[in-house]
Amino acid sequence: MQKKNKIFSLVLAIVLLLVIVFPAAVFGLEKDDSGDRIYGTDRYETALQVAKARWPNGSETVVLAPGSEANLADALTAAPLAQSKNAPILLTEKNAISATVKAYIALKTKTVYVVSGAISSSVSSELEAMNIQVIKLGGNDRYATATNIAKEITNVNGIFVTTAQSNADALSIASVAAAKGMPILLARTNNIPDVELTYLDENKDNLTHSYVIGGTTVISDTVKGLIPGEATRIFGADRYATNLEVLKAFFTTNYDKVYVANGNDNHLVDALVASTLAASTNSPIVMVNKDFNTAIQTQVINNLSPSGKVVALGGESVVSSSVNTSNYVKAEDFGVMQLSEVNGYTVGFALPNKDMVSAVEVSLYKRDKTLLAKNVSTNKLFSLSGPQFSTPFNINGKLSRGCLLEIRRLDRKHL
440 MQKKNKIFSL VLAIVLLLVI VFPAAVFGLE KDDSGDRIYG TDRYETALQV
490 AKARWPNGSE TVVLAPGSEA NLADALTAAP LAQSKNAPIL LTEKNAISAT
540 VKAYIALKTK TVYVVSGAIS SSVSSELEAM NIQVIKLGGN DRYATATNIA
590 KEITNVNGIF VTTAQSNADA LSIASVAAAK GMPILLARTN NIPDVELTYL
640 DENKDNLTHS YVIGGTTVIS DTVKGLIPGE ATRIFGADRY ATNLEVLKAF
690 FTTNYDKVYV ANGNDNHLVD ALVASTLAAS TNSPIVMVNK DFNTAIQTQV
740 INNLSPSGKV VALGGESVVS SSVNTSNYVK AEDFGVMQLS EVNGYTVGFA
790 LPNKDMVSAV EVSLYKRDKT LLAKNVSTNK LFSLSGPQFS TPFNINGKLS
840 RGCLLEIRRL DRKHL
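Mapping of the sequence shown onto our numbering: position 162 corresponds to residue 601, and the numbering continues sequentially without gaps.
As structure tokens, then:
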């Protein structure tokens, strides 16, 4: 039986099947596509909604980062700090905290870590007027800030080193670093600034295994050699390929959740604020150029657990709805489709997670992608035996020996 993935507008997995009438065989639908989206009216509100997803009633500690792209570099390394303090990352403008963010902080926050010198003293004064302790970690530059943040993290046995010139690489590993409790340091192509070298020297006896994120064009082998202990390099041809290599290195199988963020420079902040949310369930953050590329798509399809959930970060103009309205069904989950003449035709298939689905849309295409038919009652699933089900399906046109089968879940129940 020939199997082949195809990409349609709302479907991540389509398999080439041989349509036959006589032998009894079934195909399995094994991936729960229950999706979700976390977003607000702007990046500040998106960060707030992310915080509420994990800390709905507020948090005693908050990490406050600048919301502008110009100052994002200061906050790149904040994820491990936030995770170690059990704190969300919230965003602020330079001179004032928004009313909604301030109201959230007022719920129960006692300590705020400010991770950028670009956030003015007037913001600190606002917080102090609320009887909140403000700890400023912003340094003279991004390297000093990264070091100040690293010093706040205890029991460190490894670090991540990434380039200071590309925000995307740091954010690819933010949730990993947070989950592992490993600081992120920023390097130049051919050297590590003195302030970070001092930190490395002070902690050299504890650093047993570290990671360099990025190829030799952004972080040289000379820099890699300055890192105490063993260091592994992880990189790809571009930011999306590097992100894929991070997934392969740290998230091998059975993703229970996947967070999807836009990887373009002007949207990377969404990945930053979601890093602690992802770390709380040891989940990857996938970067997309609005939609999945083929390689990332395949990685997610092949590794999402049966009850896995895909969560988009940001509105649909930032991350396409297709990332969490699709099936994430693997081609190998399918077998041969059987047609039997019941009220026209029905399509028989295996549905192991039947409690997670009540509606399935089935489309049958010719090889030239001409639509033959769709099932006529998507919310009717007839039990055959065990996990085997069928759905009403009328054929409008001549049935050919080979066709393309498209399966799309219509209900997306949240687990």
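Don't be surprised by glycine CBs; every beta carbon is placed ideally from N, CA and C. Keep in mind the model is a prediction, meaning the values are calculated, not measured.
Considering only the beta carbon of each residue, do residue i and residue j sit closer than 8 Å?
i: Leu576; j: Glu591; result: yes
i: Leu511; j: Val708; result: yes
i: Gly506; j: Leu487; result: no
i: Thr628; j: Ile612; result: no
i: Leu639; j: Pro667; result: yes
i: Gly479; j: Thr548; result: no
i: Trp494; j: Pro519; result: no
i: Asn606; j: Leu515; result: yes
i: Pro622; j: Ile598; result: yes
i: Asp730; j: Ser761; result: yes
i: Val502; j: Val540; result: no
i: Tyr698; j: Val725; result: yes
i: Asn596; j: Leu646; result: yes
i: Thr586; j: Val634; result: yes
i: Tyr694; j: Ser719; result: no
i: Asp608; j: Ala557; result: no
i: Val750; j: Arg482; result: no
i: Ala617; j: Ala710; result: no
i: Ala680; j: Tyr650; result: no
i: Thr696; j: Lys748; result: In the sequence under discussion, the amino acid at residue 696 is Lys, which differs from the Thr named in the question. Cβ distance < 8 Å, so Lys696 and Lys748 count as in contact.
i: Thr485; j: Asn525; result: no
i: Ala517; j: Ala509; result: no
i: Leu388; j: Ile735; result: Here the chain comprises residues numbered 440 to 854, so residue 388 is not present and cannot be evaluated.
Quick one: what does DSSP say residue i is sitting in, helix, strand or coil?
i: Pro527; result: coil
i: Tyr638; result: helix
i: Lys590; result: helix
i: Ser605; result: coil
i: Ala504; result: strand
i: Ala509; result: helix
i: Ala700; result: strand
i: Ala557; result: coil
i: Pro600; result: The amino acid at residue 600 is misidentified as Pro; the sequence shows Val. Looking at Val600 - three-state DSSP - the assignment turns out to be strand.
i: Val757; result: coil
i: Tyr694; result: strand
i: Ala535; result: coil
i: Ser498; result: coil
i: Val768; result: Low per-residue confidence applies at Val768: pLDDT is 43, beneath 50, and the placement is therefore not dependable, though the value from the model is reported in the following sentence. In this structure, Val768 counts as coil in the three-state DSSP scheme.
i: Leu515; result: coil
i: Asp580; result: coil
i: Val595; result: coil
Please report the residue range of the alpha helix (DSSP H) in which residue i lies.
i: Asn742; result: Thr733 to Asn742
i: Arg627; result: Looking at the DSSP string, Arg627 is not in any alpha helix (DSSP H), and its letter there is neither H nor E.
i: Tyr543; result: Ala538 to Lys547
i: Ala568; result: Looking at the DSSP string, Ala568 is not in any alpha helix (DSSP H), and its letter there is neither H nor E.
i: Val489; result: Arg482 to Arg493
Counting along the chain, where does the beta strand (DSSP E) carrying residue i start and finish?
i: Thr550; result: Thr550 to Val553
i: Lys575; result: Gln572 to Lys575
i: Asp709; result: That residue, Asp709, is in no beta strand (DSSP E); its alpha helix (DSSP H) goes Val708 to Ala718.
i: Val615; result: It is not in any beta strand (DSSP E) - Val615 instead sits in the alpha helix (DSSP H) that spans Ala613 to Lys619.
i: Val395; result: In the structure as shown, the chain begins at 440 and stops at 854. Residue 395 is therefore absent and cannot be evaluated.
i: Ile477; result: Gly474 to Ile477
Specify whether the region 653 to 664 and the region 696 to 705 touch according to this definition: at least 3 beta carbon pairs, one from each stretch, less than 8 Å apart. Output reads no: the region 696 to 705 does not touch the region 653 to 664.
For the region 579 to 597 and the region 687 to 696, state whether three or more C-beta atom pairs, one from each stretch, are separated by less than 8 Å. no
As an exercise, report each continuous beta strand (DSSP E) stretch of at least 3 residues that is fully enclosed by the region 638 to 690, in chain order. Those beta strand (DSSP E) runs which fall completely within the region 638 to 690 and span 3+ residues are 648 to 652 and 669 to 673.
Report yes or no: do the region 534 to 550 and the region 559 to 574 share at least 3 C-beta pairs separated by less than 8 Å? yes
Do three or more CB pairs link the region 551 to 563 to the region 534 to 541 at distances below 8 Å? yes
Taking contact to mean 3 or more Cβ pairs, one atom from each stretch, closer than 8 Å, check whether the region 714 to 722 and the region 737 to 747 are in contact. Counting Cβ pairs under 8 Å, fewer than three are found: no touch.
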